[in-house]
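Residue numbers (my numbering): 21 to 272.
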């Protein structure tokens, strides 16, 4: 067996920012020698591993910056969940053509049926395709925009929210919105109209949103622009959280 990696090789790899390969490189080289693998194939394998690692790291960083949960991805979707929805709409959304077309996605249903998971999972797909994503609950977003009015950053933040490729707003229309909140939502929806996509989750149909918005004209304008550019995914069924409720183990 050959000795460990030489200091010169280690320095060269670190200079090329390939240091992450060092822990597994001796074992890979040992296997390559034993199997008499072609050096070009070995090099390709190493570089492919590093390319995939960097892509995964870049995805994790961008997802975190965009407010996405790392666990809410389609690979963790439970197909046994007792819910129903139009799978054709789901398949269409997962293709992300609505993002290319600057349309929106509205995910409607009762609590606990997976609306948030689908929204975050779509965000992860968008990041994988090099789209910028920002995800926030409606409550936190509106509260933060109110604070921006106080520190002079409101206009800049509205501009940022209208420019991100995919804006995910979770749990919209849980409660009535005041004049400032209605104005902010109007600015975001109208500013993104036919320019960029939104993914919105809500327990309420958009026809119910109007009663919660402080300004009827702004409300009608934003609802009209949103609903007429939206793919609707309606989910029905029981809350998945019931299946996660802790239980006392039965006696054997």
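Glycine included, every Cβ here is placed at the ideal spot set by N, Cα and C.
Problem - Assumed close pair residue 216, residue 254 - CB separation to whole angstroms, cut-off 8 Å - result: Actually they do not touch by this definition, with Cβ atoms about 24 Å apart.
Handout entry: Given 8 Å, three or more beta-carbon pairs between the region 217-234 and the region 113-124
Key = yes
Exercise for the section: With DSSP collapsed to three states, give me the class of residue 220. Expected result: strand
Exercise for the section: Would you tell me roughly how many angstroms separate the C-alpha atoms of residue 252 and residue 110, rounded to the nearest one? Expected result: 9 Å
Exercise for the section: List the DSSP bridge partners of residue 104. Expected result: 256
Exercise for the section: May I ask which residues mark the beginning and end of the alpha helix (DSSP H) holding residue 204? Expected result: 199-212
Handout entry: First and last residue of the uninterrupted alpha helix (DSSP H) at residue 44
Key = Looking at the DSSP string, residue 44 is not in any alpha helix (DSSP H), and its letter there is neither H nor E.
Problem - 4-residue-minimum alpha helix (DSSP H) runs that sit fully inside the region 153-194, ordered along the chain - result: 158-171, 174-183
Problem - Selection from 180, 202, 221 that minimises the alpha carbon distance to residue 192 - result: 221
Practice task
Run the CB neighbour count on residue 172, radius 10 Å, all protein chains shown included, and call it buried at 16 or more, exposed below.
Solution key: exposed
Exercise for the section: Starting from the C-beta of residue 178, find all residues in its chain whose C-beta is less than 6 Å away, skip the five residues before and the five after it, and write them out in chain order. Expected result: Correct list, in chain order: 207.
Handout entry: 8 Å CB neighbourhood of residue 41 in its chain, flanking five on each side removed
Key = If we look at residue 41 and ignore the five residues flanking it on each side, its Cβ neighbours are 33, 66, 69, 70.
Practice task
With DSSP as the reference, label residue 142 as helix, strand or coil.
Solution key: Residue 142: helix per DSSP, three-state reduction.
Problem - Between the CA atoms of residue 140 and residue 241 - distance to the nearest angstrom - result: 27 Å
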